[in-house]
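Enquirer: No gaps in the numbering here: position 176 of the sequence shown is 176 in UniProt numbering, and each next residue is one more. Mind having a look at this structure? Questions to follow.
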Amino acid sequence: MVNVGEVTGPGYTALPTARVISSSFDGGMVRFDRAGSSGECQGQNETGEEDAVFILESGASISNVIIGKDQAEGIHCRGPCTITNVWWEDIKQTGANDVTTINGGGAFHASDKIFQHNGAGTVKINNFFASDFGKLYRGCGNCATSHERHVEVNNVCFKDGKEGVGINANWGDTAILSNVKTNNKPTAKNVCCAYKGVAKGSEPSKIGW
Numbered sequence: 001m002v003n004v005g006e007v008t009g010p011g012y013t014a015l016p017t018a019r020v021i022s023s024s025f026d027g028g029m030v031r032f033d034r035a036g037s038s039g040e041c042q043g044q045n046e047t048g049e050e051d052a053v054f055i056l057e058s059g060a061s062i063s064n065v066i067i068g069k070d071q072a073e074g075i076h077c078r079g080p081c082t083i084t085n086v087w088w089e090d091i092k093q094t095g096a097n098d099v100t101t102i103n104g105g106g107a108f109h110a111s112d113k114i115f116q117h118n119g120a121g122t123v124k125i126n127n128f129f130a131s132d133f134g135k136l137y138r139g140c141g142n143c144a145t146s147h148e149r150h151v152e153v154n155n156v157c158f159k160d161g162k163e164g165v166g167i168n169a170n171w172g173d174t175a176i177l178s179n180v181k182t183n184n185k186p187t188a189k190n191v192c193c194a195y196k197g198v199a200k201g202s203e204p205s206k207i208g209w
């Protein structure tokens, strides 16, 4: 198993504002967060894009980054994006929002979800490690616009989690999982969970596994 203490880098940068990536960015395994700014850790208070560490424009990519503990949001994507070998030390709100492809990396201490899928299309998560988390992936169940969403999870390791992925069965969502390992947290039946998506302002209900 991976240990957060084993994920280290050569340096640290506290960003005063979210860094916008328009093409590609290789962080060289430097740790980034928003300490001392409006985007620093705010617990479970609702935050937005401006509180992220990185904002990726449509088609952009980010790689080899450690997202530090002192941040309110991790990564926001404004369209399809690719995240490669990014590690989150401690997730207060969603680690990454509306991503398309995640290759490698991992996340620790997410009381809620790691990846939130608000738009349409397919999210692919490959070779990822998740420890002490609420959900690895959740298709939004009460966004202003309802979409059919899909998720593909391959070669992922779960440790001390509550649920693997959550999809909205009534909106045609699908999940394909292969080569998933767990320490029984989440349990086998909670690796993939079905919800009933609802209108904005209501709370979706869990309807099966």
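We put the beta carbon where it would ideally sit given N, CA and C, even for glycine.
1) Between CYS143 and GLY166, how many whole angstroms is the CB-CB distance? I'm expecting something under 8 Å.
2) Between THR122 and VAL153, how many whole angstroms is the CB-CB distance? I'm expecting something under 8 Å.
3) Less than 6 Å between C-beta atoms, sequence neighbours within five positions excluded: which residues of the same chain meet that for ASP98?
4) Does the distance from the CB of LYS162 to the CB of GLY134 come in under 8 Å?
5) Going by DSSP, what residue range makes up the beta strand (DSSP E) through LYS185?
6) Please classify PRO16 as buried or exposed, where buried requires at least 16 neighbouring CB atoms within 10 angstroms.
7) Under 8 Å, do ILE125 and HIS109 count as touching if we go by C-beta distance?
8) Taking DSSP as the reference, what is the three-state secondary structure of GLU89?
9) With 16 other CB atoms within 10 Å as the buried threshold, where does SER58 fall?
10) Starting from the C-beta of ALA175, find all residues in its chain whose C-beta is less than 6 Å away, skip the five residues before and the five after it, and write them out in chain order.
11) Look up ALA60 in the DSSP assignment and say whether it is helix, strand or coil.
12) Could you name the residues of the same chain whose beta carbon sits closer than 6 Å to that of ASN85, not counting the 5 residues immediately before and after it, in chain order?
13) In three-state terms, what does DSSP make of GLU49?
14) Around the C-beta of TYR12, are 16 or more other C-beta atoms found within 10 angstroms, so that it is buried, or is it exposed?
15) Among SER202, TYR195 and ALA199, which has the Cα closest to the Cα of GLY208?
16) Would you tell me roughly how many angstroms separate the C-alpha atoms of ASN155 and PRO186, rounded to the nearest one?
Expert: This is what the structure holds:
1) 14 Å between Cβ atoms; not a contact.
2) Cβ-Cβ separation between THR122 and VAL153: approximately 11 Å, too far for a contact (criterion under 8 Å).
3) So the list reads CYS77, ASN118 and GLY119, once near-sequence residues are dropped.
4) Going by C-beta atoms, LYS162 is nearer than 8 Å to GLY134.
5) That residue, LYS185, is in no beta strand (DSSP E); it is neither H nor E in DSSP.
6) Result: exposed.
7) With contacts defined by Cβ atoms closer than 8 Å, ILE125 and HIS109 do not form a contacting pair.
8) DSSP places GLU89 outside both helix and strand once states are collapsed to three, so it counts as coil.
9) With fewer than 16 Cβ atoms within 10 Å of its Cβ, SER58 is classed as exposed.
10) Within the same chain, ALA175 has close Cβ partners VAL151, VAL165, ILE167 and CYS192.
11) Under the three-state reduction of DSSP, ALA60 is assigned to coil, being neither helix nor strand.
12) Contacts found: SER63, ASN64, GLY104 and GLY105.
13) Helix at GLU49.
14) TYR12 sits exposed, since fewer than 16 C-beta atoms from the chains shown fall within 10 Å of its C-beta.
15) Ranking SER202, TYR195 and ALA199 by Cα distance to GLY208 puts TYR195 first.
16) Between the alpha carbons of ASN155 and PRO186 lies a gap of roughly 16 Å.
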